[in-house]
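Working notes for the structure below.
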Amino acid sequence: MVIQPKIRGFICTNAHPAGCAHNVSTQIDYVKAQSHSDEGPKNVLVLGCSTGYGLASRIVSAFGYGAKTLGVCFEKAPTEKKTGTAGWYNTAAFHQQAEGAGLYHKTLNGDAFSKEMKAEVIEAIKQDLGQVDLVIYSLASPRRTDPETGEVYKSVLKPVGQSYTTKTYDTDKDLVHEVSLEPASEEDIQNTVKVMGGEDWELWLDALAEAGVLAQNCKTTAYTYIGKELTWPIYGHATIGKAKEDLDRAVKAIESKQASLNVKAYVSSLKALVTQASSAIPVMPLYISLIYKVMKQEGTHEGCIEQIDGLFRLLLQDAPEVDEANRLRMDGKETNDATQAKIKELWQQVTQDNFHQLSDYAGYHQEFLHLFGFGFDGVDYEADVSPLADW
Ligand code: NAD
């Protein structure tokens with residue numbers, strides 16, 4: 001079939017296998033072009049391994065440090081008539097490249113929040129790896145089924161305390177407009193913490209340690225976005241920010257429970273960029289289009305792979321530099337005062353009429369298409385391709 005993007009609101013409902021493979025290859029090429037220490041992780045578990053920051057973490061582990069990678073994701077397989085999800089094709093492409101490079105790779109597709117998936121992963125580690133020495137927690141999900149009660153929790157994106165009115169950009173209608181967001185209830189906050197907080201990360205480390213598959217001195221990190229004043233009302237100080245604060249609690253819980261193994265847990269703060277998760281957050285497309293403009297002008301623009309390659313250099317140190325809350329920070333080039341001042345100035349000026357001049361929406365949109373394997377030079381989008389791909 002000929003596969004062209006089908007965009008519905010903030011999501012693209014199909015994906016291009018050759019384009020996704022191109023995306024994965026580009027990231028692998030970037031990593032191979034950097035020099036890496038020989039002292040990297042050997043066996044890495046990546047939870048949320050198929051897109052965004054998790055995929056980049058897997059690529060850096062494998063192609064930067066030569067690690068064996070076991071990944072978990074939740075993706076849809078293609079059929080003769082319908083394409084698979086981008087994460088499906090990314091994983092197929094990663095497997096193919098890892099195979100070619102002689103690097104161990106296995107991916108389990110299913111619900112990482114479930115007890116069954118934890119058991120499957122433990123089995124795979126026992127059979128193939130013995131133990132893991134790095135666990136990356138990069139899940140981004142709108143819902144979670146509690147493994148004990150079976151209750152389904154849904155996360156919400158709402159301000160906390162009071163309603164908030166701000167500018168936003170509707171990518172579907174090409175419209176800059178005001179949006180008013182009603183404050184979250186206490187239940188909304190608790191539900192979001194349940195989905196995107198640290199509970200499941202902690203449960204993973206408990207299960208792995210109990211099964212004896214965590215190596216001594218194992219490291220683990222979960223990802224967060226902290227941001228600054230422009231995004232605090234809808235992210236940092238909002239329901240999702242409350243969930244992310246719970247990761248700091250989980251760090252302490254993990255380190256104290258796994259003290260005999262000397263497990264080191266970190267929350268790593270990464271910069272805002274276009275991923276399937278961030279494009280669903282109100283305000284983010286506008287904010288990201290503006291930071292892309294400013295950071296490209298400053299020469300500090302980075303994508304997932306650059307951020308994660310840099311993060312691993314920090315994470316793998318014996319005593320990495322941390323902020324006052326003990327977090328690893330990779331977001332300084334975005335959140336420093338000088339850069340934020342430029343973004344704020346653009347934010348105040350931006351209207352429907354000048355949006356495309358003031359922002360780098362073209363760059364945002366191109367990266368959005370890239371997430372689904374579209375918009376790459378060098379991929380023939382008129383060609384008849386099979387949507388089928390297997391791992
Ligand atoms: P993403 O949507 O690109 O990736 C999410 C991954 O989680 C995918 O591999 C998906 O298959 C997997 N997944 C989702 N639900 C699952 C489930 N139930 N079981 C198994 N796998 C599941 O998201 P992303 O933007 O890369 O986000 C990853 C982490 O990075 C999140 O914690 C996010 O908050 C954080 N982060 C994102 C940004 C940003 O701007 N995108 C910035 C800083 C931090």
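Residue numbering for the sequence shown is 1 to 391, as defined by UniProt numbering.
Virtual Cβ for every residue (Gly too), placed ideally from N, Cα, C.
Item to check | Inter-residue spacing [alpha-carbon to alpha-carbon] between Gln276 and Asp172 | outcome: Numbered from its first residue, the sequence shown carries residue 276 at position 276. Numbered from its first residue, the sequence shown carries residue 172 at position 172. Approximately 15 Å between the Cα atoms of the pair.
Checklist entry - For Glu178, which beta-bridge partners are listed by DSSP? => result Working through the sequence shown from its first residue, we reach residue 178 at position 178. Glu178 pairs with Lys167.
Item to check | Residues near Leu314 in its chain [Cβ-Cβ closer than 6 Å; skip 5 each side] | outcome: On the sequence shown, residue 314 is found 314 positions in, with the first residue counted as 1. Cβ within range, chain order: Pro320 and Leu328.
Checklist entry - Going by other Cβ atoms of all chains shown within 10 Å of its Cβ, with 16 needed for buried, is Val193 buried or exposed? => result Here residue 193 refers to the residue found at position 193 of the sequence shown. Burial call: buried.
Item to check | In chain order, each alpha helix (DSSP H) run of at least 4 residues that lies wholly inside the UniProt domain "Enoyl reductase FAD binding" (322 to 385) | outcome: Listed in chain order, the complete alpha helix (DSSP H) runs (minimum 4 residues) inside the UniProt domain "Enoyl reductase FAD binding" (322 to 385) are 332 to 335, 337 to 349, 355 to 358 and 361 to 371.
Checklist entry - Which residue from Leu388, Glu382, Phe374 and Asp384 puts its Cα closest to that of Asn23? => result For the purposes of this step, residue 23 is taken as the residue at position 23 of the sequence shown. Out of Leu388, Glu382, Phe374 and Asp384, Phe374 has the C-alpha closest to the C-alpha of Asn23.
Item to check | Length-filtered (3 minimum) beta strand (DSSP E) runs lying within the stretch 221 to 275 | outcome: Those beta strand (DSSP E) runs which fall completely within the stretch 221 to 275 and span 3+ residues are 264 to 269.
Item to check | Alpha-carbon spacing of Val156 relative to Gly236, whole angstroms | outcome: For the purposes of this step, residue 156 is taken as the residue at position 156 of the sequence shown. For the purposes of this step, residue 236 is taken as the residue at position 236 of the sequence shown. A direct Cα-Cα distance of roughly 13 Å separates Val156 from Gly236.
Checklist entry - Which same chain residues, not among the five before or five after Gly54, have their C-beta less than 6 Å away from its C-beta? => result In the sequence shown, counting from the first residue as 1, residue 54 sits at position 54. When the five nearest sequence neighbours on each side are left out, the beta carbons in the same chain lying within less than 6 Å of the beta carbon of Gly54 are those of Val46, Gly48 and Ser138, in order along the chain.
Next on the checklist: Report the CB separation of Gln258 from Leu205 in whole angstroms; it is logged as a contact under 8 Å.
Outcome noted: In the sequence shown, the residue the question calls residue 258 occupies position 258. In the sequence shown, the residue the question calls residue 205 occupies position 205. Confirmed, Cβ separation roughly 6 Å.
Next on the checklist: Report the CB separation of Asp200 from Thr145 in whole angstroms; it is logged as a contact under 8 Å.
Outcome noted: On the sequence shown, position 200 is the one that residue 200 refers to. On the sequence shown, position 145 is the one that residue 145 refers to. At roughly 11 Å, the Cβ-Cβ gap does not stay under 8 Å, so Asp200 and Thr145 are not in contact.
Item to check | Inter-residue Cα distance where the pair is Asn217 and Ser268 | outcome: By one-based count along the sequence shown, residue 217 stands at place 217. By one-based count along the sequence shown, residue 268 stands at place 268. Roughly 18 Å between the two C-alpha positions.
Checklist entry - Is there contact between the stretch 284 to 298 and the stretch 332 to 347, where contact requires at least three CB pairs shorter than 8 Å? => result With a cut-off of 8 Å, the stretch 332 to 347 and the stretch 284 to 298 count as touching, because enough Cβ pairs lie within range.
Next on the checklist: For Leu45, list the residues DSSP reports as bridge partners.
Outcome noted: Along the sequence shown, read from residue 1 onward, the residue named residue 45 stands at position 45. Paired residue(s): Leu70 and Val135.
Checklist entry - When you compare each of Pro387, Asp170, Ala98 and Gln162 to Val283 by their alpha carbons, which one comes out closest? => result Residue 283 sits at position 283 when you count from the first residue of the sequence shown. Nearest of Pro387, Asp170, Ala98 and Gln162 to Val283, Cα basis: Asp170.
Checklist entry - Span of the alpha helix (DSSP H) holding His36? => result Sequence index remark: in the sequence shown, residue 36 carries index 36 (1-based). That residue, His36, is in no alpha helix (DSSP H); it is neither H nor E in DSSP.
Next on the checklist: Quick check: does the Cβ of Ala140 come within less than 7 Å of any heavy atom belonging to the ligand NAD?
Outcome noted: Stepping through the sequence shown from its first residue, residue 140 is reached at position 140. For the ligand NAD, at least one heavy atom lies less than 7 Å from the Cβ of Ala140.
Item to check | Supposed close pair Ala33, Tyr89 - CB separation, criterion 8 Å | outcome: Within the sequence shown, numbered from 1, the residue matching residue 33 stands at position 33. Within the sequence shown, numbered from 1, the residue matching residue 89 stands at position 89. Not confirmed; about 23 Å, so no contact.
Checklist entry - Got a sec? Which residues, its chain only, sit under 6 Å from Leu103 by beta carbon, not counting five neighbours each side? => result As a position in the sequence shown, residue 103 is number 103, starting the count at 1. These residues qualify, in order along the chain: Ala62.
Checklist entry - Expressed to the nearest angstrom, what Euclidean distance is found between the alpha-carbon atoms of Lys42 and Leu181? => result Here residue 42 is taken as the residue at index 42 of the sequence shown, counted from 1. Here residue 181 is taken as the residue at index 181 of the sequence shown, counted from 1. Answer to the nearest angstrom: the Cα atoms are 45 Å apart.
Checklist entry - Should Val195 be labelled buried (16 or more other beta-carbon atoms within 10 Å of its own) or exposed? => result Sequence index remark: in the sequence shown, residue 195 carries index 195 (1-based). With 16 or more Cβ atoms within 10 Å of its Cβ, Val195 is classed as buried.
Item to check | Closest residue to Ala325 among Ala250, Asp377 and Trp347 (Cα-Cα distance) | outcome: Stepping through the sequence shown from its first residue, residue 325 is reached at position 325. Here the closest residue by C-alpha is Ala250.
Next on the checklist: Can you tell me whether Ile125 is helix, strand or coil according to DSSP?
Outcome noted: Locating residue 125 in the sequence shown gives position 125, counting from the first residue. Here Ile125 sits in helix by DSSP.
Next on the checklist: Which residue wins for smallest C-alpha separation from Glu306, given the options Ile11, Asn14, Val2 and Ser35?
Outcome noted: Mapped onto the sequence shown, residue 306 falls at position 306. Measuring from the Cα of Glu306, the nearest candidate turns out to be Ser35.
Item to check | Extent of the continuous alpha helix (DSSP H) run through Leu311 | outcome: Reading the sequence shown from its first residue, position 311 is the one you call residue 311. It spans Cys304 to Leu315 - the alpha helix (DSSP H) in which Leu311 sits, taken as one unbroken run.
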